[in-house]
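Inspection log for the structure reproduced underneath, given as structure tokens.
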Amino acid sequence: MMYGDQDPVHFEGVLDQVRRVLQEATCGEIQGLLEKMVEAHVFSNHYYQTLSKEACLWDQDPGEPLRAHTEDMARRLALALWQKWDVSQGILCGVLDQEPFSFHSEATCKFFPDLGDWETPYDLPDDFISEALSLVDVENLISESSTIFDVDGDDGQDTLVNPIHPDISDDFDDFLSHGTVNLSWLFSERGPEEQRETDVSSSDRKRRRPKQKKTDGSPPLKRRKKKKQDILSKDTVQDTGSPTNVLSSVVAISPTPGVVQVSPTGTIVHFPVGSIPCYNTAALLPPSEGQAFHIIPAFSATQPVVKCSVVPGGPAYMLVPASPVSPITQIVPLSPAVGAVASPDTPPCLDFTLMSSTSVNRELMPSEPPDIPPIENVATPVPNIPKCVEDYIEEAKSLIAQSCQHMEKDMRMESHYIDVRLVQRTILMKSGKNANKCLEKELVILSDVERRKATLSRSQMFEDAQMNRKQVIALLGKSGTGKSTLIRHLCLDWASGSLPRFHFVFSINCRTLDMTCSRYSLKSLLFHLPTSVPCQDSEAVFKHVLAAPKNVLIIFDSFDDFKDHEGILHSPATCNTEGNYSIRQLFSGLFQKHLLPGCMILIATRPKGALNQLLRKVDSILELCDFSAAEIELYTSKYFKDHLQGARALSKLKQQRFIFSLCSNPLLCRSACFLLDHLDSAGYVLPSTLTGLCQEVLSQCLQLTLQKLADKKQDISRLCCLAWERLKAHSSLLTDEQLSSEKLRDFGLLSDILTAHAAGTARAKNEVSYSFSHLLGQNFLSALHVVLSKDVSEKALVAQTMQPQKRKKPHGEWLDTMQQFTVGLLYQKGELLDSSFISPTADIEVKRSAVESHVYSLKPAEMAPARLLELCHSVYESQTKKLSKHLAKNLPSALSLCGTQLTPQDAYVLWDLLQHAEELRKSFFLDLQDTGIPISSLKDLVGLACVRSFRAAILDTVGLWEELHNCEEEELLKSAVDKFTIQPFKATQEGHINSLVMLIHIHRNRKLPSSDSVPLEQDIPAVKELEKLDFELGPSNGPLVFPKLAGVLPALENLKSLDLENNKIGDSGVEILAGALFALSSLKRLNLSQNTIGDKGMVKLAPALPALHSLQCLSLYNNQIADNGAEKLASVLPEIKSLLDLDVGFNNLTDTGAVKLSQSLKSCPWMKTLGMWNQCIPFGIFKHLHQQDSRIKQP
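What follows is the structure in structure tokens.
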């Protein structure tokens, strides 16, 4: 593989480095290496998980060395790295703690002369093999191969031992002479004579080879004696690496006369030996009476397996038997030929777990990736479905079709369901020794434009899984977004035949599981739960499930109620048939694919819920989107059967902008429609807060329930108390004992506050458990309790709802709305609920005063973005100008919400608060980078007069400009362009650089991407005013993406600080940078530390430095600059009149280079410091230089 002027990268060199990593690195370091490879797109996430599982990385402590690895694993990993060596080199060197290495492979042994000069790996001369083998003196090869002789025979004769049979010399001579050989006996357990002499004792099984005389009159062959401890026994060979493990061959010599196979990159190529003509593909296969053997490179090990001295210093080769194959299959090696150099058109790294001997097309050239069909289409034996199993499937489909028809009461799936979008999400791949110890993994926040591009439909949920038989999908969604509804619709799809890939779908509600029982089996989990479909012959159906696991879909709904998730991956169930497991062990076995390997698992949970710590181990992360404005209108039209009533309801929704933004949550949208349906009067106005909405919905539900009962009074204070107790325990589940009153239980069920679930085990199926219907309702009931009950003091109220809790474990979303409801109820005007339902026992005024005092004591400028946003919501719920103005007054002028995902209701609350700031004549800089704010909400915030500037995702900002341009809102467009800034710009992903390139293109052309004719009236001030740019893509992606950045640097004429530290751009990158520095006349600080810059790069960079008239600080710390580079830098140093600080410490320069720099420093009286210490400079000389000029910094 060639990269610019670099040396070719040979596969065997990469393989040696990978072996070293697997032998020396810890599990944590190897895990970090694999995660960085996924982040750099060297291989897929599925391939990463396959390698991690094969190496048992997840079962070992991160600080331990890898206990076991196979040669096959090393070769497969090395092939992926070799194919993308430009990306992989820096990552691998980081693990090895060394500088990037180069491979100087000479002619790869005389077996393969001039291999590097071939135009392609297949451009082989006709006389290649015969000429190559003629160079080998077989007798000398055998005589000098000390590892294949036993010199301690009883008669003193040299004796050949395995792995190369004693009779190989004669047959090899035949092969050289005639081009034919039959070695069908070569790798059998006994040689030809031993097969005839079956009664020979084990002590006489070594055959002594008599000395042979040369027929040409030359003296007999003299064999060098070796000590017994140098002899490599058969057992040693097998322990070091079996033939199966070193199957990645480069040459295979078939027993078929004259045919030799070469497999440099995974494709069989055949050519003649001598005058033997080429054979077709069928001729390459070994005949039934013989077995092929391979000439392979002996892999590097602590003790070499075979030492061949044919070419001193070159690669060694050995003969091993080919892996047993069927008469119609030839296994293609995974590794390239020794000395193979990837062609420039080497395809992207494939998922090597899919490469098998049965699916590789031998006719493909190496530059063309094999056309591997999805596993779904691979012909695999599927057991015939018995009649009893077919009956069960039909019965299950029929029952599911009936039970899943309804979303809620009187709301059918076919009439009310909105097919919401799904978004593919990713997590931040953290590497390093402590990566596995981080429980919470952060989801990458997508911009609004990126979210639209990553959108999937329900029918696409399982498409990615067609390439994988083992797939775990996490379905994320906030409370009320409709995860359970989507799961019911998936079950309906299966029942109607829309999911033909699955024969079985098992939907398990985690609320119904008994976590205390340890007598479950996989069979009872699937067939014997109270909610399971009845099965007459569960044993036969279960056997079929085990026989075809890839046709099985298992769904875990309400996973946040899975209360036994601590240490969930420990002690997994490993047997499909045993029955003494807990639910946690069964889930762990399914999740880690110990049970039913190949089945599909779908887990529905909240984004910050119980599954968060396991997100990095799943194959796909999907998030359920909120309703868009169009979907809110569609849902409203479906909810109301009367079109006129629906139109009135939609009009009232839009009048209350905050309530309309809340309707992006499907549960709250249904709640708003419920109120408008039952309070449909001309003068009715929806409440303006979330607290008011939930209060009216609860009051209306209670009133409707009382109308159905004879008793017109029901105290719900006990339900409110239970809601608070269970919320503190992060649970929504209740039992009959906790409810204590049958009347209260029935009232809760009738009013939809509670939901009943069939619970128990196979031995006790009549048990029923209960839960609060929705987390939002449980939070509201809890807030009623802490506000109205005297059991909760004002101090306890502030401590438990208003102050951040010091939690060892994340609480997810259990308490997310508790603070808002508490403040909203304390400031609610009028009676909170009718006295027939609950009566206050506490002094609300005292609690309100305590909360108000707490709000006044807070310092918003010091709060984290998430906490500040929560406080803004609470103040909005109070609907008091006093608190709103106080908060607006104390907001920092640079208001940053960076890293916190903003919903439409979040953006509205912020917009409302900033309006109060306008009255105070305050102005703000809004940092909305990495918030995912919708473009419509961004438009509202940018239009505020108090917002003097803002920073947001470039893609979203350009989308806003296009929307304003299309709507002909030219004044707001001009304001949005003027206010936009990207200062400071930090690039951590390739997409950030792509966005910057697009913005600069708009700046240069004065034209938006969607506008072909009408130009912008002005330049983009954000480009001209950018002063600080940090390029932080790291050693993996940095070298690849940097040329894009360098191409647009000249447009950043006011740039003052450019930080390129630790991106490994190398000499080639510095050469590109040197061509762009002429335009950066304002640059004051340039950081090029840790970029593997050598003398070659310094020769290109140094002449460009004097053009930087404002440069004050230059850092070249920890590169590879030697004396030549230091001398070049010293020659231009007097020309950089503005330079104050120069750091070239920890490079490779010696005292020669140090003296050159110190001499040049004398000509630069304006400079303040020079750092150049490294271990190559003798300390005495460095001390002397410091004494001569104190500006030279001491180490």
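Under this note's numbering, the first residue of the sequence shown carries the number 2, and numbering increases by one thereafter. Glycine is no exception: its CB is placed at the ideal position from the N, C-alpha and C atoms.
Just to confirm the assignment, what range does the beta strand (DSSP E) spanning residue i have?
i: residue 520; result: Counting along the chain, residue 520 falls outside any beta strand (DSSP E), and DSSP gives it neither H nor E.
i: residue 1119; result: First-last for residue 1119: undefined, no H or E at that position.
i: residue 80; result: Residue 80 -> not in any beta strand (DSSP E); alpha helix (DSSP H) instead, spanning 72-84.
i: residue 731; result: Counting along the chain, residue 731 falls outside any beta strand (DSSP E), and DSSP gives it neither H nor E.
i: residue 601; result: 601-606
i: residue 463; result: No beta strand (DSSP E) contains residue 463, which DSSP labels as neither H nor E.
i: residue 1164; result: Run containing residue 1164: none; DSSP gives neither H nor E here.
i: residue 406; result: Where residue 406 is concerned, there is no enclosing beta strand (DSSP E), given that its DSSP letter is neither H nor E.
i: residue 473; result: 472-477
Once you ignore the five residues that flank residue i on each side, which residues in its own chain have a CB closer than 7 Å to its CB?
i: residue 1187; result: 1193 and 1195
i: residue 782; result: 720, 721 and 724
i: residue 390; result: 541, 542 and 545
i: residue 752; result: 702, 703 and 706
i: residue 1027; result: 983, 984, 986, 1053, 1055 and 1056
i: residue 824; result: 852, 875, 878 and 879
i: residue 563; result: 511 and 611
i: residue 841; result: 789
Among the options, which one has its Cα closest to the Cα of residue i?
i: residue 511; options: 417, 390 and 526; result: 526
i: residue 967; options: 935, 1156, 1017 and 1183; result: 1017
i: residue 447; options: 85, 623, 753 and 558; result: 623
i: residue 509; options: 500, 499, 528 and 502; result: 528
i: residue 695; options: 641, 523 and 826; result: 826
i: residue 646; options: 682, 1024, 522 and 663; result: 682
i: residue 1110; options: 648, 598, 658 and 1136; result: 1136
i: residue 586; options: 475, 598, 523 and 1129; result: 523
i: residue 1125; options: 866, 1158 and 83; result: 1158
i: residue 904; options: 871, 893, 916 and 887; result: 871
i: residue 750; options: 771, 730 and 458; result: 771
Around the Cβ of residue i, are there at least 16 other Cβ atoms within 10 angstroms (buried) or fewer (exposed)?
i: residue 40; result: buried
i: residue 742; result: exposed
i: residue 627; result: buried
i: residue 918; result: buried
i: residue 848; result: buried
i: residue 686; result: exposed
i: residue 286; result: Any answer about residue 286 is weak, because its pLDDT of 36 lies below 50 and its placement is not dependable; what the coordinates show is given next. That one is buried.
i: residue 857; result: exposed
i: residue 1121; result: buried
If you follow the alpha helix (DSSP H) that residue i is in, where does it begin and where does it stop?
i: residue 876; result: 866-879
i: residue 1131; result: 1124-1133
i: residue 1; result: Absent from the model: residue 1. The displayed extent of the chain is 2 to 1196, so no value can be given.
Short of 6 Å in beta carbon distance, which residues of its chain neighbour residue i, apart from the five on each side in sequence? Order them along the chain.
i: residue 16; result: 79
i: residue 1090; result: 1062, 1116, 1118 and 1119
i: residue 619; result: 473 and 475
i: residue 486; result: 408
i: residue 994; result: 988, 1042, 1045 and 1046
i: residue 891; result: 861
i: residue 906; result: 662 and 663
i: residue 215; result: With a pLDDT of 41 at residue 215, under the threshold of 50, the modelled position of this residue cannot be trusted; read the value that follows with caution. So the list is empty, once near-sequence residues are dropped.
Return the chain-ordered list of same chain residues with a C-beta closer than 8 Å to the C-beta of residue i, the five sequence neighbours on each side being excluded.
i: residue 1133; result: 1103, 1104, 1106 and 1107
i: residue 1123; result: 1095, 1096, 1148, 1149, 1150, 1151 and 1154
i: residue 1141; result: 1113, 1114, 1167, 1168, 1169 and 1170
i: residue 204; result: With a pLDDT of 40 at residue 204, under the threshold of 50, the predicted position of this residue should be treated as unreliable, though the coordinate-derived value follows. The answer is none, since no qualifying residue turns up.
State yes or no: is the C-beta of residue i nearer than 6 Å to some heavy atom of the ligand MG?
i: residue 758; result: Absent from the structure shown: the ligand MG. Ligands present: none.
*Could you tell me which uninterrupted alpha helix (DSSP H) segments, each at least 4 residues in length, are contained entirely in the stretch 1039-1104, listed from first to last along the chain?*
1067-1077 and 1096-1102
*Residue ranges of each alpha helix (DSSP H) run of no fewer than 4 residues wholly in the stretch 683-770, ordered along the chain?*
691-708, 718-729, 737-740 and 743-751
*Which runs of the alpha helix (DSSP H) spanning at least 4 residues fall entirely within the stretch 991-1037, listed in chain order?*
991-1006 and 1022-1025
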